[in-house]
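Chains as they are written, first to last, in UniProt numbering: chain F, 1 to 212; chain R, 1 to 212; chain H, 1 to 212; chain E, 1 to 212.
Positions of the beta carbon are idealized from the N, C-alpha and C atoms, including for glycine.
There are 4 protein chains.
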Amino acid sequence: MSPRRARATRGRAGDDPAVALRQQLVDTAERLLAERQVGAITTREIARAAGVSDGVLYNYFADKYDLLVAALLRRYAGELATFERDLPAPGTGEVRANLVSYAEAVHKLIADTLPVVTGLMSEPTLLHRFMVEIHREPMGHHRLIGPLADYLTGERRLGRLGDFPLDATVTMIIGSAMMLGFAEVVGGVARGELARGVPDIIDTLLAGIAPG
Amino acid sequence: MSPRRARATRGRAGDDPAVALRQQLVDTAERLLAERQVGAITTREIARAAGVSDGVLYNYFADKYDLLVAALLRRYAGELATFERDLPAPGTGEVRANLVSYAEAVHKLIADTLPVVTGLMSEPTLLHRFMVEIHREPMGHHRLIGPLADYLTGERRLGRLGDFPLDATVTMIIGSAMMLGFAEVVGGVARGELARGVPDIIDTLLAGIAPG
Amino acid sequence: MSPRRARATRGRAGDDPAVALRQQLVDTAERLLAERQVGAITTREIARAAGVSDGVLYNYFADKYDLLVAALLRRYAGELATFERDLPAPGTGEVRANLVSYAEAVHKLIADTLPVVTGLMSEPTLLHRFMVEIHREPMGHHRLIGPLADYLTGERRLGRLGDFPLDATVTMIIGSAMMLGFAEVVGGVARGELARGVPDIIDTLLAGIAPG
Amino acid sequence: MSPRRARATRGRAGDDPAVALRQQLVDTAERLLAERQVGAITTREIARAAGVSDGVLYNYFADKYDLLVAALLRRYAGELATFERDLPAPGTGEVRANLVSYAEAVHKLIADTLPVVTGLMSEPTLLHRFMVEIHREPMGHHRLIGPLADYLTGERRLGRLGDFPLDATVTMIIGSAMMLGFAEVVGGVARGELARGVPDIIDTLLAGIAPG
DNA sequence: TATGAATGAGTCTTCATTCAT
DNA sequence: GATGAATGAAGACTCATTCAT
Chain F
1 MSPRRARATR GRAGDDPAVA LRQQLVDTAE RLLAERQVGA ITTREIARAA GVSDGVLYNY
61 FADKYDLLVA ALLRRYAGEL ATFERDLPAP GTGEVRANLV SYAEAVHKLI ADTLPVVTGL
121 MSEPTLLHRF MVEIHREPMG HHRLIGPLAD YLTGERRLGR LGDFPLDATV TMIIGSAMML
181 GFAEVVGGVA RGELARGVPD IIDTLLAGIA PG
Chain R
1 MSPRRARATR GRAGDDPAVA LRQQLVDTAE RLLAERQVGA ITTREIARAA GVSDGVLYNY
61 FADKYDLLVA ALLRRYAGEL ATFERDLPAP GTGEVRANLV SYAEAVHKLI ADTLPVVTGL
121 MSEPTLLHRF MVEIHREPMG HHRLIGPLAD YLTGERRLGR LGDFPLDATV TMIIGSAMML
181 GFAEVVGGVA RGELARGVPD IIDTLLAGIA PG
Chain H
1 MSPRRARATR GRAGDDPAVA LRQQLVDTAE RLLAERQVGA ITTREIARAA GVSDGVLYNY
61 FADKYDLLVA ALLRRYAGEL ATFERDLPAP GTGEVRANLV SYAEAVHKLI ADTLPVVTGL
121 MSEPTLLHRF MVEIHREPMG HHRLIGPLAD YLTGERRLGR LGDFPLDATV TMIIGSAMML
181 GFAEVVGGVA RGELARGVPD IIDTLLAGIA PG
Chain E
1 MSPRRARATR GRAGDDPAVA LRQQLVDTAE RLLAERQVGA ITTREIARAA GVSDGVLYNY
61 FADKYDLLVA ALLRRYAGEL ATFERDLPAP GTGEVRANLV SYAEAVHKLI ADTLPVVTGL
121 MSEPTLLHRF MVEIHREPMG HHRLIGPLAD YLTGERRLGR LGDFPLDATV TMIIGSAMML
181 GFAEVVGGVA RGELARGVPD IIDTLLAGIA PG
């Protein structure tokens with residue numbers, strides 16, 4: 001009944017204000033996502049945190065979930081991009097060090113993503129929409145598993161790795177990283193401390209635990 | 001509506017009705033936990049399902065979370081007990097088959113527990129209280145990790161396994177099982193199909209992937 | 001987060017408080033229905049007017065419409081009962097006076113009901129639910145049309161009325177009453193003034209307007 | 001977003017653009033009125049449908065209601081114009097056929113208008129403003145009642161109708177048509193089927209129902 | 001001690017209206 | 001004058017918690 005003037009975008013010269021506000025909402029949602037679980041975020045909080053009114057959200061998104069999915073996708077995309085940077089290629093450097101790099105990168109990605117993923121699992125609607133979107137864009141699990149599988153296959157072809165079942169090995173590496181990620185998130189152990197265990201894992205993976 | 005004995009416990013002769021009612025609430029909450037996410041359970045539903053009134057809850061528990069934590073603990077304890085049953089002892093049977101058993105048991109435990117754990121992560125308050133409780137009682141992670149570590153150490157001492165870093169190996173086995181659990185819960189893959197991958201994982205763990 | 005004690009039913013000794021509150025809500029809704037259109041009634045207003053909290057409504061009714069339908073049915077049932085009281089039987093008194101009584105009763109019923117009926121027509125959901133309910137109970141249109149048709153048929157059989165098409169005559173009598181009802185509701189004309197026109201209508205109906 | 005001419009009126013050379021835009025808004029609102037209830041029309045929908053911006057409305061109308069009243073008036077005026085076309089004059093054709101034509105025309109007018117009128121009754125503010133306007137302009141009920149009254153008076157003067165009370169007869173004809181209109185709108189009966197009852201009504205009106 | 005009706009803050013969402021551009 | 005993004009009050013509905021009985 002008593003609309004006031006816009007607050008948030010004033011003074012942001014240079015940007016298209018409409019785009020800016022949409023961005024701002026996604027930014028804010030993404031930031032809140034880093035602070036708490038998806039299920040604990042209210043539309044009002046997003047609006048307050050973004051410094052805009054309660055209703056704006058619906059000028060840019062169909063509903064709460066739409067905004068949240070956008071934020072989740074951006075967050076996930078960002079993490080994936082970071083992950084992919086600096087992944088070693090087959091035949092370069094040393095295999096052991098490369099595998100350690102891979103495992104560390106996976107650990108980091110998972111530790112950074114886990115809270116969001118688990119939060120997502122409590123919100124079936126959100127999970128479903130997110131999955132639909134993530135499979136539409138070329139950013140699904142293959143961006144995590146694909147590079148690792150390619151690397152392993154490459155080194156095997158080059159003879160720098162022996163003969164091994166691909167899926168099992170991928171599962172072991174990612175699983176170990178996931179385990180470290182859980183320890184970090186649930187157990188509250190510091191990442192540095194956990195990362196120190198990675199070389200041992202790779203060594204064990206390389207050498208096996210069978211006797212002599 | 002004069003005060004009267006709770007309906008649900010009437011006729012349960014011999015039990016202390018107060019204890020019985022408490023139990024019943026936990027039972028019911030635990031059952032509901034198996035059906036849906038923690039966040040989707042209301043106090044009224046618990047009361048209705050338990051056949052008692054909305055208010056009793058507060059005679060035995062400080063609040064909703066208190067009851068839920070009790071139910072979560074009992075559920076977790078039950079899963080752990082199932083897990084511990086039939087774990088092979090060092091020196092018995094074949095090492096490979098034993099490790100497969102261990103991995104399968106861990107996979108089962110994790111797949112059964114994961115939905116609850118993730119549901120928990122959406123409820124920070126609940127998660128915190130749960131962690132406090134789980135570390136107080138002798139039922140923390142060591143009940144999962146302990147037996148596996150003991151088994152591995154035992155076989156190593158017996159010479160049925162080589163020399164290997166314990167923590168790393170434990171992380172790899174549990175991590176792989178966790179990975180399978182996630183695939184089951186998030187990806188909707190059937191357990192049977194996933195379980196088929198376990199022998200490959202154990203073989204890889206035993207033999208390693210290094211060339212030659 | 002801060003429930004207080006009940007206010008509205010305190011001191012109403014003798015009634016079953018649960019039934020009392022349900023009744024009270026229907027009472028209140030019915031009263032508001034007399035003051036304004038269905039579409040302009042909010043759940044909060046009902047609660048405020050009933051002196052209870054916002055949420056109670058949902059302890060007794062599935063949703064807003066459920067309560068409103070209950071109120072509409074009660075109101076309509078009451079009006080119908082009043083209408084049926086004192087309707088003359090065929091063969092008693094004078095035909096002309098009897099028809100005037102019928103027309104006046106129909107006029108009253110329609111004038112009292114019209115605002116609600118029209119309000120209903122703007123709320124498709126509500127209209128549908130109301131129609132379902134009204135056809136379930138023996139209170140549909142036949143309670144309005146039936147008695148009049150029976151009366152006309154009776155008098156015709158007794159020879160106190162000539163030969164005439166039943167449906168057309170019913171339509172004319174009820175239609176005329178409806179017209180008066182509209183004039184009252186929409187035009188704001190006083191009922192007494194309108195009622196004065198009824199005898200003329202009946203005389204015209206009896207005598208016809210053909211020449212000679 | 002510098003001020004510029006409204007999109008929708010560009011290219012309409014020759015018209016005063018301001019008038020054109022006002023017209024267009026009324027046109028659009030009128031069209032929407034034919035599709036749904038008054039209460040279900042939003043200002044944004046009108047703007048979108050008219051191809052103009054949300055705000056223009058307030059350059060030509062005090063508020064939403066003002067526009068809606070204008071649209072309602074135009075719609076009603078249109079229906080009335082249609083109604084008045086082809087009404088038989090006293091002394092032409094046959095009286096019975098003429099009265100049937102009148103009754104059918106009234107029935108059509110009412111059936112076409114009723115949804116809007118009832119929708120109006122759910123919006124007290126709108127209803128009030130509409131009534132004020134309709135009485136100001138020479139388009140009130142007399143445009144409906146007037147021609148019929150004139151026709152009846154004319155035929156009576158010509159001796160083609162007997163002596164009868166004018167108001168009562170008008171009420172009966174319009175009331176019957178209104179009754180048919182209601183049956184069509186509320187009961188969902190097809191217009192054709194209802195129209196078949198009109199001759200019976202006219203015959204009854206002419207002959208009366210008194211015996212002998 | 002058990003009951004369960006009542007509470008009311010809080011959730012998401014809609015939409016008439018304003019006003020900087 | 002035209003634009004349309006921003007506003008925020010209001011709507012229906014949920015549910016953990018209290019307390020008179």
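In chain order, 49 place their CB closer than 8 Å to the CB of residue 31 of chain H, counting only its own chain and leaving out the 5 sequence neighbours on each side.
Scanning H:95, H:205, H:75, H:123 for the CA closest to the CA of residue 35 of chain H turns up H:75. The beta carbon of residue 112 of chain F sits closer than 6 Å to the beta carbons of 79 from its chain, once the five residues preceding and following it are set aside; these are given in chain order.
Boundaries for residue 158 of chain F: no alpha helix (DSSP H) harbours it, and the DSSP string shows neither H nor E there. Taking C-beta separations shorter than 8 Å and ignoring five residues to either side along the sequence, the partners of residue 145 of chain F in its chain run 170, 174, following chain order. The three-state secondary structure of residue 51 of chain R, taken from DSSP, is coil. The three-state secondary structure of residue 70 of chain H, taken from DSSP, is helix. Closer than 8 Å to the CB of residue 33 of chain F there is not a single CB belonging to chain R.
Between the stretch 180-197 of chain F and the stretch 121-129 of chain F there are fewer than three inter-stretch CB-CB distances shorter than 8 Å, so the stretches are not counted as touching. Note on residue 157 of chain F: under 16 other CB atoms within 10 angstroms of its CB, so exposed under the neighbour-count rule.
When Cβ-Cβ separations below 8 Å define contact, residue 200 of chain F makes contact with chain R.
For residue 160 of chain E, a Cβ of chain H is located within less than 8 Å of the residue's own Cβ.
A distance below 8 Å between beta-carbons, with the five flanking residues on each side excluded, links residue 161 of chain R to the following residues of its chain, in chain order: 95, 152, 155. A direct Cα-to-Cα measurement between residue 63 of chain R and residue 185 of chain F gives close to 26 Å. Membership of residue 193 of chain E in the alpha helix (DSSP H) is indicated by the continuous run 191-195. The alpha-carbon separation between residue 42 of chain E and residue 29 of chain E amounts to approximately 10 Å. Within the same chain, Cβ atoms closer than 6 Å to the Cβ of residue 143 of chain R are found at 80, the five residues on either side in sequence being excluded. Per DSSP, reduced to three states, the secondary structure at residue 116 of chain F is helical.
Residue contact check for residue 149 of chain E against chain H: no CB pair falls below 8 Å.
For the pair residue 123 of chain R and residue 69 of chain R, the CB atoms are not nearer than the 8 Å cut-off. When Cβ pairs closer than 8 Å are counted between the two stretches, the stretch 84-103 of chain H is seen not to touch the stretch 44-61 of chain H, the count staying below three.
Ranked by how close their Cα comes to the Cα of residue 177 of chain H, the residues H:159, H:205, H:37 have H:205 in first place. In the three-state reduction of the DSSP assignment, residue 208 of chain E falls in the coil class, being assigned neither a helical nor a strand state.
Distance from the CA of residue 159 of chain F to the CA of residue 102 of chain F, rounded to the nearest whole angstrom, comes to 19 Å.
Residue-level contact by beta carbon fails for residue 93 of chain F and chain R, as no gap is shorter than 8 Å. With a contact defined as Cβ atoms closer than 8 Å, residue 197 of chain R and residue 167 of chain F qualify at about 6 Å. At least one C-beta of chain E is nearer than 8 Å to the C-beta of residue 176 of chain H. Boundaries of the alpha helix (DSSP H) harbouring residue 169 of chain F: 166-185, taken from the DSSP string. CA-to-CA, the gap between residue 182 of chain F and residue 91 of chain R works out to about 32 Å.
Around residue 98 of chain H, the same chain offers 88 as residues with beta carbons nearer than 6 Å, after the five sequence neighbours per side are excluded. Here the C-alpha atom of residue 37 of chain F lies approximately 7 Å from the C-alpha atom of residue 116 of chain F. In the three-state scheme derived from DSSP, where H, G and I count as helix and E and B as strand, residue 56 of chain E is classed as coil. Secondary structure at residue 122 of chain F: coil, using DSSP grouped into helix, strand and coil.
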